[in-house]
Amino acid sequence: MDIHKLIQSPESEKLEFKKTFGKEVIISLTAFANSCGGRVVVGVDSNGKVSGLSIGAETIQQYLNEIKLATYPQILPHVDLYEIDGKTVLVFEVREYPIKPIACKNRYYRRVKNSNHLLSLDEIVDLQQQSLNISFDAYPLKDSLSSLDESLMNRFIDRVNSRGRINLQDDLLMNLTKLKMIQNGSPTLAAMLLFGNHGYSIHIGRFKAADTIIDDLLIKDPLPEALEEALIFIKKHINLSYEFDGSLQRTERWQYPIEVIREVLLNSVVHRDYKNTSDIVIKIFDDRIVFANPGRLYGHLTIEDLQRDNYVSSLRNRLLAEAFYLSGDIEKYGTGFVRIRRMLKDHGGVLIQLSEMGDFFRVELLRSSAGSDGEKKTRLQEKLQEKLQEKLQEKYPALQQTIIGNMSANPDITYAQLMALTGKSQEALRRNINQLKQKGVIERIGSDKGGRWQVHILQKAPALNEREVP
Numbered sequence: 005m006d007i008h009k010l011i012q013s014p015e016s017e018k019l020e021f022k023k024t025f026g027k028e029v030i031i032s033l034t035a036f037a038n039s040c041g042g043r044v045v046v047g048v049d050s051n052g053k054v055s056g057l058s059i060g061a062e063t064i065q066q067y068l069n070e071i072k073l074a075t076y077p078q079i080l081p082h083v084d085l086y087e088i089d090g091k092t093v094l095v096f097e098v099r100e101y102p103i104k105p106i107a108c109k110n111r112y113y114r115r116v117k118n119s120n121h122l123l124s125l126d127e128i129v130d131l132q133q134q135s136l137n138i139s140f141d142a143y144p145l146k147d148s149l150s151s152l153d154e155s156l157m158n159r160f161i162d163r164v165n166s167r168g169r170i171n172l173q174d175d176l177l178m179n180l181t182k183l184k185m186i187q188n189g190s191p192t193l194a195a196m197l198l199f200g201n202h203g204y205s206i207h208i209g210r211f212k213a214a215d216t217i218i219d220d221l222l223i224k225d226p227l228p229e230a231l232e233e234a235l236i237f238i239k240k241h242i243n244l245s246y247e248f249d250g251s252l253q254r255t256e257r258w259q260y261p262i263e264v265i266r267e268v269l270l271n272s273v274v275h276r277d278y279k280n281t282s283d284i285v286i287k288i289f290d291d292r293i294v295f296a297n298p299g300r301l302y303g304h305l306t307i308e309d310l311q312r313d314n315y316v317s318s319l320r321n322r323l324l325a326e327a328f329y330l331s332g333d334i335e336k337y338g339t340g341f342v343r344i345r346r347m348l349k350d351h352g353g354v355l356i357q358l359s360e361m362g363d364f365f366r367v368e369l370l371r372s373s374a375g376s377d378g379e380k381k382t383r384l385q386e387k388l389q390e391k392l393q394e395k396l397q398e399k400y401p402a403l404q405q406t407i408i409g410n411m412s413a414n415p416d417i418t419y420a421q422l423m424a425l426t427g428k429s430q431e432a433l434r435r436n437i438n439q440l441k442q443k444g445v446i447e448r449i450g451s452d453k454g455g456r457w458q459v460h461i462l463q464k465a466p467a468l469n470e471r472e473v474p
């Protein structure tokens, strides 16, 4: 390992710097063990300046004992000693632990970008379920099998057999047992969600303003029916136009691509956190549709991952995902947002924005300029965004990348919104924003209250104009 190269790297999801050994070092090691592993370099500050450590004959063993006593199950990291310009530096390295979560003084942490995130009770349960390869929707309930709707089950079996991904027989009990939806004679949560009365809701509203509702619907039906009802309500409140190609045939063009709406709805019910009893909330405005889903992204998945075509996702509710896959509603695991981006590009005039706020994952479909000129503008924005992302990854730490990207997408963004998106304190954001200002990357135009952000990072990039957009 090149220690000089390492200390020149920015702090990240796998790297932390500490001037001295203490509790914060152990917390970081715990967070790394609960995530993807990582290193803590002790004797170096966050700017890469080497301060060094005073190391005696028993110092390293003392540090290792402190780590073992503070963690459960106990962590025993690998440790290396380095000399840099006559100063001693220690590098503690820990791999991702197979049995999670690891606690530090009875508290649980996970690494998120370049900081340690204290886990909530729900997140602790999620991490334990992932570690034990348990799916929450596989838990058996106290309801009897008679509470399942036989006609819905038969309809599901017919649909599965018509898709040909698996062959199910006529015996309902045998089929549900084969699909693990019945365990020890009791229906699982997945079975109740698909075929019974489950108590979870989808709440949809049509808004003229943030506080003005003109129509709404509360849906509590089994998921296959709930999805169709939600789609019907949304179609009722978005525009439909017709395009003619010179023949007698006409082509329907919805304000938003219907298959994208269906995919987002499907993701909402399959990937939501059913430990959280809050409703799925859908708000339809004149210029956008907002889907708010209980439960943040699952596992190690991030917003940045979802924006790539090669992302790898984990399943929070494996039985539900398998059921919708077998019925043909899900084409292939882990490709939903790839298809969404492709369909939006083909449709034109609609953009997508992803975010996490509190315990919710949000998807916003936003109308952009319509018509051919609007579609050119959308493609131009995509090209600019690609160039922006390339430059960000080359030069800036993860938090600053997030700040720049959000300011570019939303020049009116506030500190409160950035705090919600990043999970960082206002002080940390202000420090990083000041650094970006000093570098000339961003600029505040106008007052703190009524102004907006301007991003200058693309000024030195190769010129891009509409003629370059295919």
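Adding 4 to a residue's 1-based position in the sequence shown gives its number in my numbering. We put the CB at the ideal spot given by N, CA and C, even for glycine.
Pick from the options: whose alpha carbon is nearest that of residue i?
| i | options | result |
| --- | --- | --- |
| H460 | D452, L440, I265 | L440 |
| H207 | A214, T192, K224 | K224 |
| L269 | E70, V29, Y101, I293 | I293 |
| P3 | F211, E308, E326, H275 | No statement about residue 3 is possible, as the shown extent of the chain runs from 5 to 474 and does not include it. |
| D313 | Q66, G352, L422, R343 | R343 |
| D219 | E28, I288, Y315 | I288 |
| E360 | V354, G353, E368 | E368 |
| S331 | S135, M157, Q65, P102 | M157 |
| L310 | N271, E154, P77 | N271 |
| L221 | L149, L227, Y143, E233 | E233 |
| K453 | P415, I284, F160 | P415 |
| L323 | I437, K349, V273 | V273 |
| L73 | G200, K109, P191, R159 | K109 |
| S13 | Q421, S166, R167, K399 | K399 |
At what residues does the alpha helix (DSSP H) containing residue i begin and finish?
| i | result |
| --- | --- |
| S32 | 27 to 37 |
| D2 | Since the first residue of the chain shown is 5 and the last is 474, residue 2 is not available in this structure. |
| H275 | 262 to 275 |
| L322 | The displayed chain sequence assigns Arg, not Leu, to residue 322. Counting along the chain, the alpha helix (DSSP H) containing R322 begins and ends at 322 to 330. |
| T181 | 176 to 182 |
| L198 | 193 to 199 |
| A61 | Segment: none, A61 is in no alpha helix (DSSP H) and carries neither H nor E. |
| Y228 | Note on residue identity: the sequence assigns Pro, not Tyr, to residue 228. Here the alpha helix (DSSP H) through P228 covers 227 to 240. |
| I7 | 7 to 11 |
Rounded to whole angstroms, how far is the Cβ of residue i from the Cβ of residue j, which I believe are closer than 8 Å?
| i | j | result |
| --- | --- | --- |
| I11 | G52 | 5 Å |
| S282 | Y302 | The Cβ separation is near 16 Å, so there is no contact. |
| M196 | L145 | 6 Å |
| N321 | F140 | 6 Å |
| K104 | Q132 | 7 Å |
| I30 | I71 | 5 Å |
| Y112 | I128 | 5 Å |
Kindly list the residues whose CB is nearer than 6 Å to the CB of residue i, restricted to its own chain and excluding five residues on each side of it in sequence; keep chain order.
| i | result |
| --- | --- |
| I334 | F328 |
| L305 | S317 |
| R115 | E17, A35, F36, S39 |
| K117 | E17, A402 |
| S245 | R257 |
| D377 | Legend: pLDDT at D377 = 49, less than 50; position of this residue unreliable, value from coordinates given subsequently. Contacts found: none. |
| Y67 | F25 |
| V95 | R43, V45, D84 |
| Y1 | The shown model of the chain, from 5 to 474, leaves out residue 1, and the question about it has no answer. |
| I7 | Y86 |
| E62 | none |
| Q187 | P144 |
| R99 | G41 |
| T181 | none |
| N243 | Q259 |
How far does the beta strand (DSSP E) with residue i in it reach, from first residue to last?
| i | result |
| --- | --- |
| K22 | 19 to 22 |
| N120 | 119 to 122 |
| K212 | 206 to 213 |
| L222 | 216 to 223 |
| R312 | From DSSP, R312 is part of no beta strand (DSSP E); its letter is neither H nor E. |
Considering only residues of the same chain and omitting the five flanking positions on each side of residue i, which have a CB-CB separation below 8 Å?
| i | result |
| --- | --- |
| D291 | L370, R371 |
| Q430 | Y419, M423 |
| I307 | L301, L358, S359, E360 |
| V48 | I11, F21, K22, K23, V54, S55, V93 |
| R266 | L231, L235 |
| M5 | D84, V95 |
| L425 | S359, E360, M361, T406, N410 |
| G444 | H460 |
For residue i, collect the residues of the same chain with a Cβ closer than 7 Å to its Cβ; drop the 5 residues on either side in sequence, then sort them by chain order.
| i | result |
| --- | --- |
| S50 | E15, F21 |
| S32 | E20, V44, N120 |
| A374 | Caution is warranted here: a pLDDT of 44 is assigned to A374, below 50, making its placement in the model unreliable, and no coordinate value can be reported. |
| M411 | I417, I446, W457, V459 |
(request) Mind listing, in chain order, the continuous beta strand (DSSP E) runs of no fewer than 3 residues lying wholly within the region 332 to 375? (result) 354 to 361, 364 to 371
(request) Would you mind listing the beta strand (DSSP E) stretches within the region 424 to 467 that are 3+ residues and don't spill past its ends, in chain order? (result) Counting only unbroken stretches of 3 or more residues, the beta strand (DSSP E) elements lying wholly within the region 424 to 467 are 446 to 449, 456 to 459, in sequence order.
(request) Note down, one range per segment and in chain order, each alpha helix (DSSP H) of at least 4 residues found wholly within the region 74 to 142. (result) List check, alpha helix (DSSP H) in window: 125 to 135.
(request) Please list the segments of the beta strand (DSSP E) lying wholly inside the region 271 to 305, counting only runs of 3 or more residues, in order along the chain. (result) 284 to 288, 292 to 298
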